[in-house]
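What follows is one structure encoded as structure tokens, with my remarks underneath.
In the working numbering, the protein residues as written are 13 to 136.
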């Protein structure tokens, strides 16, 4: 199935293979760009400008995709693994939505989130 996400994955595969600059990048060389793009998104969100937010979210996604593509070419993991890990984490940390835990309010949601996260950190 042709989707924009599949097209994006293909673009990154091509860039990593064909562009000398992209090919040269590592997780460490890209960290400054991840910080910069995150800061720029924060500024865009604070301004409330949707067009600017959309562009900056794209730049943050670019960083996520780039790091995942580097890992894929190193046969460590790929963007699908990143997404799978995120889905599992979201489901684990929202047992009031995806499980049987009952909560009365946002305060209980946050308290459960912190308990679950602390438990995960203990076992990692």
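Virtual Cβ for every residue (Gly too), placed ideally from N, Cα, C.
According to the neighbour-count rule (16 or more other Cβ atoms, all chains shown, within 10 Å of its Cβ), is residue i buried or exposed?
{"i": "residue 80", "result": "buried"}
{"i": "residue 51", "result": "exposed"}
{"i": "residue 78", "result": "buried"}
Can you give me the C-alpha to C-alpha distance between residue i and residue j, rounded to a whole angstrom?
{"i": "residue 29", "j": "residue 63", "result": "31 Å"}
{"i": "residue 56", "j": "residue 72", "result": "12 Å"}
{"i": "residue 96", "j": "residue 17", "result": "15 Å"}
Which residues mark the beginning and the end of the alpha helix (DSSP H) in which residue i is found?
{"i": "residue 70", "result": "62 to 85"}
{"i": "residue 39", "result": "39 to 59"}
{"i": "residue 36", "result": "32 to 36"}
{"i": "residue 131", "result": "118 to 135"}
{"i": "residue 115", "result": "Where residue 115 is concerned, there is no enclosing alpha helix (DSSP H), given that its DSSP letter is neither H nor E."}
{"i": "residue 96", "result": "91 to 105"}
Segment contact flag, the region 97 to 109 with the region 123 to 136, C-beta cutoff 8 Å, min 3 pairs: yes
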